[in-house]
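Numbering (the UniProt record's numbering), first residue to last: 1 to 517.
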Ligand code: ADP
């Protein structure tokens, strides 16, 4: 690669008008220009695009940018073309182009005019594109949204899996992979799949110190949200629901309550959807009630709250969605409503999926439950999930969560944990939570009858406490890794190593849960 390494600041100013680099941008660009493979893990808004746009603009040849979303590619191409007086500095290559347009793109690449070529992975496989790209000078590959490679990411795309093979066919040039999803598992997957385990890794903190994290039990949720919005009058917010039907119902309910809210989901007519999004961006609507279809690539700096009517399927999704609050560094309240029943529904849904997907889905959900039910700093919990150690006392933004600003009282529930572990051991580790609860509460069911559990001494041992209490014990025991949910049988609870320790060594005071549970 012909590297114009000198005077990067000058080039930054010339093309982007910025006087200084953000975070580690400069080191990233320098190393890429030196020909190294690079892996960038940076939260949304960190300035990832510039890490490949600038080096592409100043290198000889064309950089191929792989990106999953055609709509986002178009925006990026327009933005890059706007940086230079020359149209054609950036192009999209996909099947929507007609013959003349494709020829124009090819001509611009051949003449050396095109510095960035945006493609979706499925386009890159096309023979005629491949044949052409093999013959021209490529400066480097940028893999944007690289988490799409990993089944452990929140947006797995099978087409991404073949990228390494395609890249190798086209050119032997450096690769820069970028993502805002940084769980150690995903990171490892990306590096292995792209064959870049030796890449230089640049990781920035994922801490969003200005965001306040809060979880409330999902009771009277409609009223709670209306009250919350009224306390934040005139401020912008997003409310996420899982289903389209809920989106529409709830947007209406808010409207009836005098709140300027609009719905957004992929099933709405395209015109309505765009109009609603624009109204939200232009401040004609305060609140948008949406499915996860809303938000990708939307850059509204002053979103003041993100409410999750329903919990999402993974903590990454939760982080991404809440990350749309407070982009300007100002207030950003992230409130989620938690009902274990919602999680059960998601689990049932997963039961119909192929084993590997189910296994991953259940583990991701388990993390969500862990977050929802934790009594520790929620910021610490999220950052730990991203492989980052956060000091819950001195870290930046440490006080910005319900558990820290208003700590729940903890109680020791080890005795009840032991009873449950004993029950599971005695009954041969073959029951799901629901059936164990029947036994604990002493309620007959088809399962208890067929196994004659009514005749055992432990039948009904916990009936003086509510079923919900025992559900929490079982859930918390799973989250805290005293129990494991068996994947094959889907949901059968087994005792983990850690659980065996409690039983075998009669450990005490090892299982704490919040007092109000
Ligand atoms: P990401 O892809 O990581 O979400 P973007 O590339 O969209 O982030 O950048 C986020 C914002 O930061 C954009 O508005 C971009 O113009 C701005 N930005 C990027 N680099 C710089 C810089 N060096 N100085 C000032 N602003 C920057």
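Idealized CB from N, CA, C, for every residue including glycine.
Since the model is a prediction, treat every value here as computed from it, not as a measurement.
- For residue 289, the CB contacts under 6 Å within the same chain, skipping 5 residues up- and downstream, are 239, 247, 250, 251, 261, 263 in chain order.
- Distances between the C-beta of residue 205 and the heavy atoms of the ligand ADP are all 7 Å or more.
- If the five residues before and after residue 429 are omitted, its C-beta is found closer than 6 Å to the C-beta atoms of 494, all from its own chain and listed in chain order.
- Residue 125 sits in coil when the DSSP states are folded into three classes, being neither helix nor strand.
- Secondary-structure assignment with DSSP links residue 236 through a beta bridge to 303.
- When beta bridges are read from the DSSP output, residue 62 appears opposite 138.
- Scanning its chain for C-beta atoms nearer than 7 Å, with the 5 sequence neighbours on each side dropped, one finds around residue 337 the residues 216, 218, 221, 308, 309, in chain order.
- Here DSSP, grouped into helix, strand and coil, assigns residue 288 to strand.
- Contact annotation: residue 50 and residue 182 have beta-carbon atoms that are not nearer than 8 Å.
- Excluding five sequence positions before and after residue 447, the CB atoms of its chain that fall closer than 6 Å to its own CB belong to 435, given in chain order.
- Collapsing the DSSP output to three states places residue 38 in a strand.
- For residue 106, the enclosing alpha helix (DSSP H) starts and ends at 99-110.
- Here the C-alpha atom of residue 88 lies approximately 38 Å from the C-alpha atom of residue 286.
- Scanning the UniProt domain "Helicase C-terminal" (220-366) from its first residue to its last, the whole alpha helix (DSSP H) runs of 4-plus residues come out as 221-231, 244-256, 270-281, 315-322, 340-351.
- Per DSSP, residue 492 lies in no beta strand (DSSP E) segment and is marked neither H nor E.
- At a Cβ-Cβ threshold of 8 Å, residue 403 and residue 375 count as neighbours.
- Secondary-structure assignment with DSSP links residue 147 through no beta bridge to anything.
- With a threshold of 16 other beta carbon atoms within 10 Å, residue 174 meets it and is buried.
- Ranked by Cα distance from residue 187, the first of 146, 211, 166, 213 is 146.
- Per the coordinates, the alpha-carbon of residue 200 lies some 13 Å from the alpha-carbon of residue 25.
- The ligand ADP never approaches residue 330 closely enough for any of its heavy atoms to be under 7 Å from the residue's Cβ.
- Residue 68 and residue 354 have their C-alpha atoms some 24 Å from each other.
- Beyond the five residues adjoining it in sequence on each side, residue 339 comes within less than 6 Å, by CB distance, of 218 in the same chain, given in chain order.
- Beta-bridge partners assigned by DSSP to residue 203: 41.
- If the five residues before and after residue 266 are omitted, its C-beta is found closer than 8 Å to the C-beta atoms of 244, 273, 291, 293, all from its own chain and listed in chain order.
- Between the ligand ADP and residue 503, a heavy atom-to-CB distance of less than 7 Å is absent.
- Per the DSSP secondary-structure output, residue 371 pairs with nothing in a beta bridge.
- Residues of the same chain with a CB within less than 6 Å of the CB of residue 137, apart from the 5 flanking positions on each side, are 61 in chain order.
- Per DSSP, residue 412 lies in no alpha helix (DSSP H) segment; the continuous beta strand (DSSP E) that holds it begins and ends at 410-412.
- In the three-state reduction of the DSSP assignment, residue 463 falls in the coil class.
- Boundaries of the alpha helix (DSSP H) harbouring residue 446: 446-450, taken from the DSSP string.
- Of the heavy atoms belonging to the ligand ADP, at least one sits nearer than 7 Å to the Cβ of residue 46.
- Under the three-state reduction of DSSP output, residue 458 falls in the coil class, being neither helix nor strand.
- About 6 Å separates the beta carbons of residue 206 and residue 383, which is inside the 8 Å limit, making them a contact pair.
- Contact annotation: residue 226 and residue 163 have beta-carbon atoms that are not nearer than 8 Å.
- The ligand ADP never approaches residue 482 closely enough for any of its heavy atoms to be under 7 Å from the residue's Cβ.
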